[in-house]
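Student:
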Amino acid sequence: MADETKKNPSGRVQNRRVHMANERTFLAWIRTSIGIMAFGFVVEKFALFVRQMDQYLSRTAEREPSPLSSIPASPGYSSIIGVILIGLGAMMGLLAFIRYKKVEKQIDEDTYQPSLILDILLTLSIVSVGFFLIIYLSHVF
Numbered sequence: 005m006a007d008e009t010k011k012n013p014s015g016r017v018q019n020r021r022v023h024m025a026n027e028r029t030f031l032a033w034i035r036t037s038i039g040i041m042a043f044g045f046v047v048e049k050f051a052l053f054v055r056q057m058d059q060y061l062s063r064t065a066e067r068e069p070s071p072l073s074s075i076p077a078s079p080g081y082s083s084i085i086g087v088i089l090i091g092l093g094a095m096m097g098l099l100a101f102i103r104y105k106k107v108e109k110q111i112d113e114d115t116y117q118p119s120l121i122l123d124i125l126l127t128l129s130i131v132s133v134g135f136f137l138i139i140y141l142s143h144v145f
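Under the working numbering, residues 5 to 145 are what the sequence shown spells out, in order.
This is the structure we're talking about:
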C-alpha cells in the first residue's frame, strides 16, 4: 500500500515545486506593489514638504529678501501622482492575488495558460508614471 502512494502521488504533491514557484512569483508581485505604494507615499510627503518650505520661504521673504524666495511654487502635481502611485500599488497587489489563485487552480488541473494582463498593466502604468514624472520635473526646473 505504501509503495502505491510513492508511485502515484497526488497532483498537489507532485507539483510541489511548481506551486512553490507560483508562490515566489506572487510574493515578488507583492513586494513590487509595496515598493510602488511606498514610492507614492514618498512622493506625496515630498509635496507636503515643498508646501511647508514655500510657506517658510514666503514668511522669511517678508523680513529679508532671499534668492530662494523668488522661485515660484509648483502647482502641486506631486500629491496627485503620489495618490495615483499608492492606488496603483494597491490594485497591483489585488491583481497579483487573483493571478496567484488562478495559476494555482490551473496547476492543479494541469491546464496552465500564461496570462500577460498583469505584466502589460504594470508595464503601461510604470511607463505612464515615468512619462508624467519627466513632464513634471521638466516644468519645475
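Beta carbons: idealized from backbone N, C-alpha and C, even for Gly. Quick caveat: nothing in here was measured; it's all calculated off a predicted structure.
#1: Keeping to the same chain, check which residues put their C-beta closer than 8 Å to that of Gly-39; ignore five residues upstream and five downstream.
#2: Give the secondary structure of Gln-117 by DSSP, where H, G and I count as helix, E and B as strand, and everything else as coil.
#3: Indicate the three-state DSSP secondary structure (helix, strand or coil) for Asn-26 in the structure shown.
#4: Report yes if the C-beta distance between Val-22 and Ile-102 is below 8 Å; otherwise report no.
#5: Phe-30 and Tyr-104 - do their beta-carbons sit closer together than 8 Å?
#6: Taking all protein chains shown into account, decide if Gly-97 is buried (16 or more other Cβ within 10 angstroms of its Cβ) or exposed.
#7: Between Val-133 and the rest of its own chain, which residues show a CB-CB distance below 8 Å, the 5 nearest in sequence each way excluded?
Tutor: The answer reads as follows:
#1: Gly-93
#2: coil
#3: helix
#4: no
#5: yes
#6: With at least 16 other beta carbons inside 10 angstroms of its own, Gly-97 counts as buried.
#7: Ile-85, Ile-88, Leu-89, Leu-92
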